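Structure record follows, encoded as structure tokens.
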Amino acid sequence: MKLAYKDLIKFLGEKPSRELLSKRLFQLGHEHEIHGDIFDMELTPNRGDCLSLNGLARDLNVFFGRSEAVDIYEDIIDVLKIDFENLAPSDCPKISFLEIEIDKTIDDYKPYLENYLSAIGNKKTNLFTDISNYISYELGQPTHCFDRNAINNKLVFENKECNSTFKTLLGSDVVLKDHNCVFTQNSEIISLAGVMGGASTACSVKTRKVLIECAYFNPESIIGKSIKYNLISDAAHRFERGVDMESQEMVLRRFAKVVQDHAEIKSIKLKSFRSSNSPKISIPKNISKINKILGTNLKEIECLSCLRDLGFNISNDIEVPSHRHDIRTNNDLAEEVARVIGYNNIKNTPINLKKIIDDKSGCKVTQLESLLVNNGFSEVINFPFTSKNDKRSISIDNPLDSNRNYFRTSLMESLVNNLLYNERRQKDSIKLFEISDIYSKGSEINQQKKLGLIVSGRLGNNFNDFTKKLDKNYLNRILDNYLSEGIFKIIEISRNSLDTKKKDKIFYVEISLDDINALENQINKEKTINFISYKPVSEYPSSTRDFSFSIDDMSKVHKVINELEKVSENIIKNSYIFDFYKNEKTKIVKLGCRFIFQSNHKTLSDIEINAKVQEILNPLLIMDGVSIPGMDINKPFK
Amino acid sequence: MSNLDNINPPVIINEPGTLHPINQTKDYLLKLLSEMGFTEVYGPEIETEEFNFDMLNIKKSHPARQMHDTFYAESKKNVLRTHTSPVQIRSMLKSKPPIAFTSAGKVYRKDDDATHLPMFHQVEGIYVDENITFANLKDLIHKILYELFGNDVEIRFRPSYFPFTEPSAEVDILSDSGKWLEILGCGIVNPIVLDNCSIDSNKYSGLAFGLGVERIAMLKYGVNDIREFYKSNLDFLTQFK
Numbered sequence: 005m006k007l008a009y010k011d012l013i014k015f016l017g018e019k020p021s022r023e024l025l026s027k028r029l030f031q032l033g034h035e036h037e038i039h040g041d042i043f044d045m046e047l048t049p050n051r052g053d054c055l056s057l058n059g060l061a062r063d064l065n066v067f068f069g070r071s072e073a074v075d076i077y078e079d080i081i082d083v084l085k086i087d088f089e090n091l092a093p094s095d096c097p098k099i100s101f102l103e104i105e106i107d108k109t110i111d112d113y114k115p116y117l118e119n120y121l122s123a124i125g126n127k128k129t130n131l132f133t134d135i136s137n138y139i140s141y142e143l144g145q146p147t148h149c150f151d152r153n154a155i156n157n158k159l160v161f162e163n164k165e166c167n168s169t170f171k172t173l174l175g176s177d178v179v180l181k182d183h184n185c186v187f188t189q190n191s192e193i194i195s196l197a198g199v200m201g202g203a204s205t206a207c208s209v210k211t212r213k214v215l216i217e218c219a220y221f222n223p224e225s226i227i228g229k230s231i232k233y234n235l236i237s238d239a240a241h242r243f244e245r246g247v248d249m250e251s252q253e254m255v256l257r258r259f260a261k262v263v264q265d266h267a268e269i270k271s272i273k274l275k276s277f278r279s280s281n282s283p284k285i286s287i288p289k290n291i292s293k294i295n296k297i298l299g300t301n302l303k304e305i306e307c308l309s310c311l312r313d314l315g316f317n318i319s320n321d322i323e324v325p326s327h328r329h330d331i332r333t334n335n336d337l338a339e340e341v342a343r344v345i346g347y348n349n350i351k352n353t354p355i356n357l358k359k360i361i362d363d364k365s366g367c368k369v370t371q372l373e374s375l376l377v378n379n380g381f382s383e384v385i386n387f388p389f390t391s392k393n394d395k396r397s398i399s400i401d402n403p404l405d406s407n408r409n410y411f412r413t414s415l416m417e418s419l420v421n422n423l424l425y426n427e428r429r430q431k432d433s434i435k436l437f438e439i440s441d442i443y444s445k446g447s448e449i450n451q452q453k454k455l456g457l458i459v460s461g462r463l464g465n466n467f468n469d470f471t472k473k474l475d476k477n478y479l480n481r482i483l484d485n486y487l488s489e490g491i492f493k494i495i496e497i498s499r500n501s502l503d504t505k506k507k508d509k510i511f512y513v514e515i516s517l518d519d520i521n522a523l524e525n526q527i528n529k530e531k532t533i534n535f536i537s538y539k540p541v542s543e544y545p546s547s548t549r550d551f552s553f554s555i556d557d558m559s560k561v562h563k564v565i566n567e568l569e570k571v572s573e574n575i576i577k578n579s580y581i582f583d584f585y586k587n588e589k590t591k592i593v594k595l596g597c598r599f600i601f602q603s604n605h606k607t608l609s610d611i612e613i614n615a616k617v618q619e620i621l622n623p624l625l626i627m628d629g630v631s632i633p634g635m636d637i638n639k640p641f642k
Numbered sequence: 012m013s014n015l016d017n018i019n020p021p022v023i024i025n026e027p028g029t030l031h032p033i034n035q036t037k038d039y040l041l042k043l044l045s046e047m048g049f050t051e052v053y054g055p056e057i058e059t060e061e062f063n064f065d066m067l068n069i070k071k072s073h074p075a076r077q078m079h080d081t082f083y084a085e086s087k088k089n090v091l092r093t094h095t096s097p098v099q100i101r102s103m104l105k106s107k108p109p110i111a112f113t114s115a116g117k118v119y120r121k122d123d124d125a126t127h128l129p130m131f132h133q134v135e136g137i138y139v140d141e142n143i144t145f146a147n148l149k150d151l152i153h154k155i156l157y158e159l160f161g162n163d164v165e166i167r168f169r170p171s172y173f174p175f176t177e178p179s180a181e182v183d184i185l186s187d188s189g190k191w192l193e194i195l196g197c198g199i200v201n202p203i204v205l206d207n208c209s210i211d212s213n214k215y216s217g218l219a220f221g222l223g224v225e226r227i228a229m230l231k232y233g234v235n236d237i238r239e240f241y242k243s244n245l246d247f248l249t250q251f252k
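Protein chains in written order, with the numbering used here: chain A, 5 to 642; chain B, 12 to 252.
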């Protein structure tokens with residue numbers, strides 16, 4: 005809800021600065037952002053009563069007092085004769101109608117109405133609709149304006165089974181389904197109650213005679229309708245959170261006053277229908293209970309003063325005002341008192357809980373994690389939604405993606421996707437694992453913790469492993485030492501059905517942790533966390549350059565290795581020695597080195613990469629006995 | 012002997028892999044809370060409406076129960092839990108105060124945009140005993156946040172609304188840029204919830220709090236986009252050693 009600072013302070017006794025007002029709003033629990041003169045409020049769903057200038061001012065009264073900012077139409081109003089029937093009084097226990105006729109149509113508004121429209125960013129539509137919106141902004145109670153000339157027959161409020169198209173006053177066609185609270189005339193739906201009126205009875209700039217409906221709708225009768233029908237409705241937002249059942253006549257008198265500010269009223273008539281009274285809530289006065297909840301030692305006079313300033317009536321009991329639907333218990337009252345004195349002003353009191361030695365290092369999940377991490381596996385976490393299903397799959401009724409409307413029963417699909425994702429990003433040695441609960445249905449819902457691990461590509465990037473591949477033997481070597489025979493089965497996943505041109509074999513293992521009693525050998529690794537400073541991942545492509553050094557001066561070999569291992573440049577993502585060979589016959593050592601270049605800011609050009617390569621290699625190639633066959637240090641590198 | 016024999020190959024360093032940063036952060040929080048006296052309890056991600064909503068005083072009309080906010084499963088027989096609080100409900104039903112539990116894990120909400128994901132992680136704590144007060148809650152939350160962000164961190168409590176706590180609060184910390192950042196939600200356990208769990212609310216009271224693991228991880232590691240955690244990109248994951 006957006007509101008203008010200058011409008012809000014009109015409702016307050018004192019005129020606080022924006023900063024002080026903001027501080028007090030936060031203290032009361034009214035989160036907001038400030039954009040110039042506008043306070044963009046984000047109110048909690050229990051505080052529908054604060055969705056207006058008047059509502060917030062009622063809360064802010066505890067700090068700044070109130071100002072009688074609202075004039076109402078004080079004259080006697082004739083009783084309206086209206087043919088109306090309420091067929092659903094439990095959905096609408098209170099409704100009032102005001103009929104007003106003015107002498108002429110109005111184009112020019114008073115400054116307060118004009119300023120409201122421009123400050124909040126609302127478009128000018130017609131006098132009655134604009135006043136309706138303004139009244140909602142001021143007082144929090146939505147009203148709906150019917151063009152009186154379009155209401156020629158009996159008006160009925162009902163909660164009826166619908167299967168028809170309804171044209172809203174904004175011109176959109178909505179197909180109403182199931183039960184909805186509606187206003188009808190001759191069985192035709194003319195308003196989706198509490199949400200939006202219809203086009204057939206809407207006011208226009210030419211309307212001079214209007215029927216204003218002002219109701220209390222049960223929040224549960226309205227909730228979800230605006231989202232169901234994709235209608236953005238300020239009225240629905242307010243009705244869903246609850247309006248004040250006792251405010252309708254006052255609101256309509258305020259409406260009449262604003263009309264009177266703009267035009268001469270030729271006739272005015274009012275009629276209210278009530279099927280039940282708003283419940284009167286009283287809570288026995290119990291200050292010691294409030295102190296017990298808060299951990300404070302407040303005096304009775306302090307507590308009662310807080311509550312009185314918030315509009316509670318204090319007698320033998322504490323009477324809750326009709327607009328506060330959220331107050332029922334002493335815990336609610338304790339929160340009210342705490343809001344006024346300030347949560348941050350309540351003194352902390354320590355509790356004495358005994359420290360627990362919760363050593364998880366021996367548990368099988370921790371042990372498996374350590375085993376895999378020690379062997380170079382990285383853990384992933386995947387969303388559980390999938391298109392794949394079988395008779396055990398649990399279906400999602402309302403998935404985000406209609407193609408992924410099942411809960412996965414295996415980790416394999418997710419891990420294969422993770423592998424392909426990384427292959428597309430030029431990763432050539434991939435070892436991933438995931439440990440997650442998996443759910444399936446039988447006579448009841450079954451829960452099983454599973455480990456999935458997947459490997460493909462090179463065994464490693466060092467000179468020993470570079471030409472070897474991750475395979476079944478590799479997985480067997482890791483798992484055999486720790487898991488009993490028969491617990492795991494390594495499967496090869498065919499690439500035929502996968503969207504990839506890679507040829508490396510993919511191997512996968514899935515193990516139910518229920519099948520593991522304990523790891524056969526313990527892995528000692530204490531889990532510690534190091535909150536590193538993360539570097540954003542580049543979205544730009546990488547480029548690889550391989551170089552083969554030939555070294556015939558043995559005194560230079562370690563120098564070259566040391567220099568290559570030290571290479572660290574902004575645009576080098578990784579570098580490693582992938583080949584090392586001592587030729588006994590020729591007495592030459594061959595070193596293969598790979599540099600992977602990538603920038604965080606752009607796609608690197610060959611010129612930029614080659615310049616960097618030359619900068620790294622030149623100090624090495626000027627050494628006697630060190631060369632890269634085919635490369636001349638004196639010529640620019642291409 | 013050839014002088015080649017004196018040449019040693021480059022040292023092979025087997026780079027370890029990494030645990031996922033979200034699990035690392037979750038485990039860190041759980042360890043921190045266990046050192047404060049909380050015991051971890053476990054429960055399912057696929058829940059009933061009774062445990063996920065009703066027992067927690069979340070009324071049928073509450074917006075969170077709508078199809079656009081909560082994932083329902085198996086023709087509305089179940090929900091994907093929207094918080095880890097039902098784990099605490101299940102545990103309270105089996106225990107007698109004093110109790111101090113943490114529950115952690117995946118939770119699901121029907122969101123998917125730049126700042127919200129359909130699945131994320133929570134760590135929640137609950138402590139029920141005689142005479143537990145809001146002042147106790149404040150002290151505990153201060154201690155947790157001092158452990159997480161250092162003793163100099165500036166902390167702000169402000170009133171909020173959760174159906175299962177009353178009074179309720181959201182807690183912010185002041186960032187280096189001078190902006191308040193929301194860190195966690197907490198409150199005094201609503202007596203209705205205690206009664207639902209057959210705990211005498213006239214005798215006992217409780218405090219409860221919940222932290223978003225992604226939120227803490229983003230702040231501690233400096234990750235700006237929550238979606239990075241779930242791309243499974245090795246360039247991202249291997250940084251968290």
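By construction, the Cβ of each residue, glycine as well, lies at the ideal position given by its N, Cα and C atoms. Computed from a predicted structure; not experimentally measured.
Q) Quick one: which chain B residues come within Cβ less than 7 Å of R343(A)? A) Within the first sequence, numbered from 1, the residue matching residue 343(A) stands at position 339. Chain B residues near R343(A): P170.
Q. Taking D182(A) as the reference, which of Q618(A), T169(A), K296(A), I297(A) has the closest Cα?
A. By one-based count along the first sequence, residue 182(A) stands at place 178. Nearest neighbour of D182(A) by Cα position, chosen from Q618(A), T169(A), K296(A), I297(A), turns out to be T169(A).
Q: Report the residue from N153(A), P115(A), N156(A), D151(A) whose alpha carbon sits nearest the alpha carbon of Y138(A).
A: Sequence index remark: in the first sequence, residue 138(A) carries index 134 (1-based). Nearest to Y138(A) by alpha-carbon distance, out of N153(A), P115(A), N156(A), D151(A), is P115(A).
Q | Distance between L180(A) and L102(A) (C-alpha atoms, nearest Å) | A | For the purposes of this step, residue 102(A) is identified with residue 98 of the first sequence, where counting begins at 1. For the purposes of this step, residue 180(A) is identified with residue 176 of the first sequence, where counting begins at 1. Rounded to the nearest angstrom, the two C-alpha atoms are 28 Å apart.
Q. Which value, in whole angstroms, describes the spacing of the CA atoms of T144(B) and I199(B)?
A. Locating residue 144(B) in the second sequence gives position 133, where the first residue counts as 1. Locating residue 199(B) in the second sequence gives position 188, where the first residue counts as 1. Using only the alpha carbons, I get a separation of about 7 Å.
Q) So what does DSSP say about V593(A), is it helix, strand or coil? A) Taking the first residue of the first sequence as 1, we reach residue 593(A) at position 589. In the displayed model, V593(A) falls within a strand according to three-state DSSP.
Q. Quick one: what does DSSP say Q602(A) is sitting in, helix, strand or coil?
A. Taking the first sequence and counting its residues from 1, one reaches residue 602(A) at position 598. Q602(A): coil per DSSP, three-state reduction.
Q. Where do the N-terminal and C-terminal ends of the alpha helix (DSSP H) with F30(A) fall, by residue?
A. One-based indexing of the first sequence puts residue 30(A) at position 26. Residues 22 to 32.
Q: Measure the C-alpha to C-alpha separation of A203(A) and I193(A) and round it to an integer number of angstroms.
A: Translated into the one-based positions of the first sequence, residue 203(A) becomes position 199. Translated into the one-based positions of the first sequence, residue 193(A) becomes position 189. Using only the alpha carbons, I get a separation of about 10 Å.
Q: Can you pull the chain B residues whose beta carbon is under 9 Å from the beta carbon of E373(A), in chain order?
A: Residue mapping note: residue 373(A) aligns to position 369 of the first sequence, counting from 1. L30, N34, listed in chain order.
Q | Per-residue contacts from K121(B) into chain A (C-beta, under 8 Å) | A | As a first step, residue 121(B) is located in the second sequence; it is residue number 110 there, counting from the start. Those within 8 Å of K121(B) in chain A are N402, L404.
Q | Anticipated Cβ contact below 8 Å, K37(B) with H132(B), distance rounded | A | Within the second sequence, the letter at position 26 stands for residue 37(B). Within the second sequence, the letter at position 121 stands for residue 132(B). Taking C-beta atoms under 8 Å as the contact rule, K37(B) and H132(B) qualify, at a distance of about 6 Å.
Q: Tell whether a beta-carbon distance below 9 Å holds between G52(A) and R257(A).
A: Counted from its first residue, the first sequence places residue 52(A) at position 48. Counted from its first residue, the first sequence places residue 257(A) at position 253. For G52(A) and R257(A), no; Cβs fall outside 9 Å.
Q | Touching by the beta-carbon criterion (3+ pairs, under 8 Å), the segment 220 to 231 of chain B and the segment 347 to 354 of chain A | A | no
Q. Using Cβ-Cβ distances below 9 Å, what residues of the segment 319 to 340 of chain A are close to chain B?
A. D330, T333, N334, N335, D336, A338, E339, E340
Q | Three-state class that DSSP yields for E40(B) in the structure shown | A | Position 29 of the second sequence, counted from the first residue, corresponds to residue 40(B). Correcting the residue type first, residue 40(B) is Leu in the shown sequence and not Glu. Reduced to three states, the DSSP call for L40(B) is helix.
Q | Straight-line gap, M12(B) to M558(A) (C-alpha atoms, nearest Å) | A | Mapped onto the second sequence, residue 12(B) falls at position 1. Mapped onto the first sequence, residue 558(A) falls at position 554. At M12(B), the pLDDT of 42 sits below 50, so the modelled position is not reliable and the matter cannot be decided from this model.
Q | Minimum Cβ-Cβ distance from L298(A) to chain E less than 9 Å | A | The question asks about chain E, but that chain is absent: this structure's protein chains are A and B.
**Q.** In DSSP terms, what D550(A) is bridged to
**A.** Locating residue 550(A) in the first sequence gives position 546, counting from the first residue. BP columns for D550(A) point to R598(A).
**Q.** Residue of G125(A), A154(A), I345(A), A239(A) minimising C-alpha distance to F67(A)
**A.** Residue mapping note: residue 67(A) aligns to position 63 of the first sequence, counting from 1. Minimum Cα distance to F67(A) is reached at I345(A).
Q.
Can you list, in chain order, the residues of its chain with a C-beta nearer than 7 Å to that of L57(A)? Leave out the 5 residues immediately preceding and following it.
A. By 1-based counting over the first sequence, the position of residue 57(A) is 53. Short of 7 Å from the beta carbon of L57(A), and not among the five residues preceding or following it, lie these beta carbons of its own chain, in chain order: L7, D11, L12, F15, Y141, E142.
Q.
Considering only their Cβ atoms, is the gap separating T113(B) from L30(B) smaller than 9 Å?
A. As a working mapping, residue 30(B) is identified with position 19 in the second sequence. As a working mapping, residue 113(B) is identified with position 102 in the second sequence. Contact flag unset, no.
Q.
Please identify, using Cβ separations under 8 Å, the residues of the segment 549 to 569 of chain A that lie next to chain B, in order along the chain.
A. M558, V561, H562, I565, E569
Q: Could you have a look at T188(A) and say whether DSSP puts it in helix, strand or coil?
A: For the purposes of this step, residue 188(A) is identified with residue 184 of the first sequence, where counting begins at 1. Correct three-state label for T188(A): strand.
Q.
Which residues in chain B have a C-beta closer than 7 Å to the C-beta of F316(A)? List them in chain order.
A. The residue labelled residue 316(A) in the question sits at position 312 within the first sequence. Those within 7 Å of F316(A) in chain B number zero; the least Cβ separation is about 16 Å.
Q) Hey, quick one: how far does the alpha helix (DSSP H) through C310(A) stretch, first residue to last? A) Start at 1 with the first residue of the first sequence, and residue 310(A) comes out as number 306. Taken as a continuous stretch (DSSP letters only), the alpha helix (DSSP H) holding C310(A) covers 304 to 313.
Q. Any beta-carbon of chain A closer than 9 Å to the one on D65(B)?
A. Translated into the one-based positions of the second sequence, residue 65(B) becomes position 54. Chain A contact via Cβ: absent.
(Q) List, in chain order, every chain A residue whose beta-carbon is nearer than 8 Å to that of K231(B). (A) On the second sequence, position 220 is the one that residue 231(B) refers to. Those within 8 Å of K231(B) in chain A are F535.
Q. Residue range of the beta strand (DSSP E) that K435(A) falls in?
A. For this step, residue 435(A) is matched to residue 431 along the first sequence. Its beta strand (DSSP E) spans residues 433 to 445.
Q.
So E60(B) contacts chain A; which residues on that side make the cut at Cβ distance below 8 Å?
A. Mapped onto the second sequence, residue 60(B) falls at position 49. Against chain A, a Cβ distance below 8 Å from E60(B) picks out nothing, because the smallest value is about 12 Å.
Q.
Since Y119(B) and T93(B) should fall inside the 8 Å C-beta cutoff, what is the C-beta to C-beta distance between them, to a whole number of angstroms?
A. Position 108 of the second sequence holds residue 119(B). Position 82 of the second sequence holds residue 93(B). Contact check for Y119(B) and T93(B): beta-carbon distance about 6 Å, within the 8 Å limit, so the pair qualifies.
Q. Can you list, in chain order, the stretches of the alpha helix (DSSP H) that have 4 or more residues and sit fully within the segment 355 to 384 of chain A?
A. 368 to 378
Q: Run down chain A in chain order and give the residues with a C-beta less than 9 Å from the C-beta of V234(B).
A: Taking the second sequence and counting its residues from 1, one reaches residue 234(B) at position 223. The answer, in chain order, is Y538, P540.
Q) To the nearest angstrom, how far is it from the Cα of E78(A) to the Cα of K87(B)? A) The residue given as residue 78(A) occupies position 74 in the first sequence. The residue given as residue 87(B) occupies position 76 in the second sequence. Approximately 53 Å, taken between the alpha carbons.
Q: Locate the beta strand (DSSP E) running through D238(A), then write down its first and last residues.
A: Reading the first sequence from its first residue, position 234 is the one you call residue 238(A). Premise fails: D238(A) lies in the alpha helix (DSSP H), 238 to 245, not in any beta strand (DSSP E).
Q: Can you say whether R62(A) is buried or exposed, counting buried as having 16 or more other CB atoms within 10 angstroms of its CB?
A: Looking up residue 62(A) in the first sequence gives position 58. R62(A) is buried by the Cβ-count criterion.
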